[in-house]
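Participant: One structure, as structure tokens, below. Some questions next.
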Amino acid sequence: MLRNYIAAAFGNLGRNWLYAFITIGGLAISFAAAILIGLYLRDEYGFDRFIPGYQDIYRVELTILAPGQKPLHTDFVQAAVAGHLKLDFPEVADVARLSSSDGILKIGGNQAFEAVGWADPDFFRIMRLPVLAGDPDAAMRSPDGLVLTRELARKYFGQDAPLGKVIQVNPGLTGSSYHPMRVMAVLKDTPASSHLTAQIFAPARAAFSPTTSDDLHPTPYDPDQLTYVRLKGGSSPSDWAARFQAFDQAHYPAPGGGRSTSRYSLAPLKTLHFTSAGPSPLTRPPGDDRVDAGVAVIGALIVLIAGINFVTLMTARATRRSVEVGIRKAVGARRRDLVIQFMGECFIHVGAAMLLAIALAELLLPKLDGFVGRELNFHYLTDPGLAVALLSGAVITAALAGLYPSLVMSAFRPASALKGGTGQISGSKAVRQGLVVVQFAILAGLIVMTATIYRQIQFALHDALRLDMDQVVLADGPCGSAFNRAAAAVPGVKGVACTNLTALRPGGLSIAVMPDRSPRTIYVGQTDVGLFEIQGLRPVAGRFFSKDRGEDMLLDRPAPGADLQPSIVLNEAGARQLGYARPEDAVGKIVDWMRPPIGARPNAFPTPHPSRVIGIVPDFSLGSVRNAIPPTIFYVDPASSPVLVLKLDRNRVPEALDALRKLWRPTGQDGPPDIVFESQTVQGQYADMITQEIAIGICSALAILIACLGLFALAAFTAEQRTKEIGVRKAMGASTADIMGLLVWQFTKPVLWANLIAWPLAFWATDRWLHGFAYRVSLPAWLFLAASATAVLIAWATVATHAWMAARTAPATALRYE
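Everything in the sequence shown is counted per this note's numbering, starting at 97 for the first residue and increasing by one.
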């Protein structure tokens, strides 16, 4: 009997090869997409789990609570926190800090910029990264030790383990020099599933390190410092909330002895990929678990669409097998036997599709690796979990997609089946119509989502930041340097201004004191005259900085006093933060605030001193539109502005860039020239969103393709079933256009119903996604109407061929059919 079932299944496949090809092909494409999506999500949720003891490793995080403001969350904490944690929490086994600097590495005449990670001695006791050669612990305890990854070792020395070799390292600080350092350990290349991207580690205790060596005493806040802890086995910070409150109040009380506004906490290592609050040169940009959930849903929807195709085609062609069912029942087959037979055919379809999908996934995996920048593993023969997932997916799909068609086909009554009756399956037509509605509702929703993501990306890259980035480049070069002066005279350079990156994106924190002596958290940005004008900004109220105004240029002198407070410009958010309802109300007012001293880190706060507000600049930022532009004070501080902003003539860009690169070395700059377009820095922040747009666009295209395949086959079958009806209509005088309109309208109705269902669901999903951005596009009505029109056009294009061929059939030929 089993042999008979298998023979019947393959015979049916051969007789209906077109429908079998569409069914199996659609399932194979959907399975392949689901496999690739699953591999990506598996990697996403497996970050840092390769590190031994990752369950006991945490990173210290800080939340600042200021009156009248939203909590500010950051991954960077004060240097003294490490020592205080070790003393106050006996459960802490090891603690280590990691800071970064843009160092310059030199071997012979070759130089290059590298992001150097300055680590405490116990760092590799916590983060046990895979070691290729040497002893990382000993390197971090040596004043001149250095740890490289294999990739960097090959880059500089052409070998995997250059132990004992010397590199000249410049920490990258203003006025710093080169120091010889020895390679004492080489790490295996950092896995792509690590939140760390650092490729060179140096000891934080070195005399020339940019970090502090004092573990306990208050020090300037280092905005690039991360602090990691490893807890003793069996310890958990889940009940540490009250202890952290006491810790905060004891070590970090508010000015004047008030209640602490800082809240420290521990984030598990395994969640850092999704919980990181800000960018660092040593870590990957954080992932978004909401995006991953959306990608997972899309993968499931693609499989659902393919499953719907399977059900609609199997039930649509059920009448073609009515005689077979009647004969089997007449010779004694029970309904259970027929269900087993038809379910077996479903399993053959799905099994063949899964085998094709595995081959397709193997073929496409290298492309996916290159697209996401990782190496995803697809070892289904040696990975039991993956093998079980593939098998389970095939079995569940076959069971769910095959059950209803099997019940429909096995329900034929022998007498009616042998007479060719079809009335007993009339209910399956309504089911098919409902499934087509679901299918196109998904398509319409995907079209809305894809279009919204595209609009949001374009808005983020071009409109939301309010900056004119056309032919604007950024270059390292201290304000007043020879390179700065020479760059201004280069043909094709229309303007030059220096700035600190904290003026272009959220950076240094400060405190402004209100008239009632209450503190307000505010950001600071050091810049120079001309920056706002180069970026195409105009004053909302008042004026911008001028070299002719002495109060603006108080810090542009040798050794300015620590108490000097120059004039300031506020952004619109800053004016609101300080209590001014209108921008013009703030102009001319005096603001007490804490200015970081020249040469100190951006968040080293002295006592507050007054400054006069001279103007209000529109809110702008090179930061992400995911976050609101923070309240910011801008002031002229050339000594703290190591970045040049240059506006180029769009007709002479190549010549200007070439001239700037040639000026680099002759003007005394170390390392290779570091010149990038401002727009590139912005695009880098949205790499994940651009990837998401492409991924969802591809998935939408696949969903449309699979749905079109199913609709194409269903239209062919429908046209075949209505051949006699078409002949009668044509004999009664119906035109080709009338027949085409009749058939096309049959498939248009469920598509229109699908759009009505899709609109509220698509609005809800896209609105939730957009709420992840502080600045976002709207969801206009025309977008949903356009998605509906697109879905209708897709349906028309799919069924038009069959409708036209059926409408062109001669009446005599149609009436002789069957």
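Idealized CB from N, CA, C, for every residue including glycine.
1. From the DSSP output, in three-state form, read off VAL609 for me.
2. Within the continuous beta strand (DSSP E) that includes GLY621, where are the two ends?
3. If you count every other CB in all the chains shown that lies within 10 Å of the CB of ASP216, and 16 or more means buried, which is it?
4. Please tell me whether ALA916 and ALA850 are closer than 8 Å, where the distance is taken between their beta carbons.
5. Go ahead and pull the three-state DSSP assignment for TRP892.
6. Can you tell which of SER506, VAL282, ALA342 has the C-alpha that lies nearest to the C-alpha of ARG432?
7. For chain D, check one thing: does any of its Cβ atoms lie closer than 8 Å to the Cβ of LEU181?
8. Quick one, which of MET277, TYR150, SER289 has its alpha-carbon nearest PRO298's?
9. May I have the straight-line CA-CA distance separating PRO333 from PRO382, to the nearest angstrom?
10. So, helix, strand or coil for CYS575, using DSSP?
11. Mark HIS558 as exposed unless 16 or more other C-beta atoms lie within 10 angstroms of its C-beta, in which case mark it buried.
12. List, from N- to C-terminal side, the alpha helix (DSSP H) runs of 4 residues or more that fit wholly inside the segment 200-237.
13. Run the CB neighbour count on ASN87, radius 10 Å, all protein chains shown included, and call it buried at 16 or more, exposed below.
14. For the candidate residues ASP152, PHE730, LEU496, whose alpha-carbon lies nearest to that of ILE404?
15. Please name the residue, chosen from GLU187, LYS251, VAL391, that lies closest to TRP336 on a Cα-to-Cα basis.
16. Taking 8 Å as the threshold (C-beta atoms), are ARG246 and VAL279 in contact?
17. How far does the alpha helix (DSSP H) with TRP841 in it reach, from first residue to last?
18. Counting C-beta neighbours from all protein chains within 10 Å, is the total for LYS845 16 or more, i.e. buried, or is it exposed?
19. Locate the alpha helix (DSSP H) running through TRP689, then write down its first and last residues.
20. Closer than 7 Å by C-beta to GLY632: which residues in its own chain qualify, once you throw out the five before and the five after it? Chain order, please.
21. Once you ignore the five residues that flank VAL732 on each side, which residues in its own chain have a CB closer than 7 Å to its CB?
22. Helix or strand or just coil, what does DSSP make of SER522?
23. Relative to the C-alpha of THR170, which residue among ILE160, GLY179, VAL177, ALA176 is closest?
24. Using CA coordinates, which residue listed in LEU852, ILE296, PHE730, VAL491 is at the minimum distance from LEU242?
25. Taking the alpha helix (DSSP H) that ALA429 falls in, what are its first and last residues?
26. Count the other CB atoms within 10 Å of the CB of GLY684; is the residue buried (16 or more) or exposed (fewer)?
27. How about the segment 707-714 and the segment 670-684: do they share at least three Cβ pairs that are nearer than 8 Å?
28. Based on Cα-Cα distance, which residue from PRO769, ALA402, PRO462 lies nearest to ASN580?
29. Closest to VAL468 by C-alpha separation, out of ARG380, ALA455, LEU486, ILE444, would be which residue?
30. Can you name the start and end residues of the beta strand (DSSP E) that SER359 belongs to?
31. In or out: GLY604 buried (at least 16 other Cβ within 10 Å) or exposed?
32. Is SER884 closer than 8 Å to ALA540 when the C-beta atoms are compared?
33. Between the beta-carbon of VAL569 and the beta-carbon of LEU451, is there less than 8 Å?
34. What is the DSSP secondary structure of TYR150, reduced to helix, strand or coil?
35. How would you write the range of the beta strand (DSSP E) that PRO276 sits in, first residue to last?
36. Pop quiz: LEU472 and LEU464 are said to be a contact at Cβ under 8 Å. What is the actual Cβ separation, rounded to whole angstroms?
Facilitator: In brief:
1. strand
2. 615-623
3. buried
4. In the structure as shown, the chain begins at 97 and stops at 914. Residue 916 is therefore absent and cannot be evaluated.
5. helix
6. SER506
7. Going by chain labels, chain D is absent from the structure shown, which holds only one protein chain.
8. Strictly speaking, residue 298 in this sequence is Ala, with Pro absent from that position. It is MET277.
9. 23 Å
10. coil
11. exposed
12. 219-222, 232-237
13. Given a span of 97 to 914 for the chain in the structure shown, any question on residue 87 remains unanswerable.
14. LEU496
15. GLU187
16. no
17. 832-866
18. exposed
19. Here TRP689 belongs to no alpha helix (DSSP H); instead the beta strand (DSSP E) covers 686-689.
20. LEU563, ASP564
21. THR623, ASP624, VAL625, PHE641, ASP648, MET649, LEU651, ASP652, PRO662
22. Note on SER522: pLDDT 43, under 50, position unreliable in the model; the coordinate value appears next. SER522: helix per DSSP, three-state reduction.
23. ILE160
24. ILE296
25. It is not in any alpha helix (DSSP H) - ALA429 carries neither H nor E in the DSSP assignment.
26. exposed
27. yes
28. PRO769
29. ARG380
30. Just to set this straight, residue 359 is Arg in the shown sequence, not Ser. Its beta strand (DSSP E) spans residues 358-364.
31. buried
32. yes
33. no
34. helix
35. 275-283
36. 7 Å
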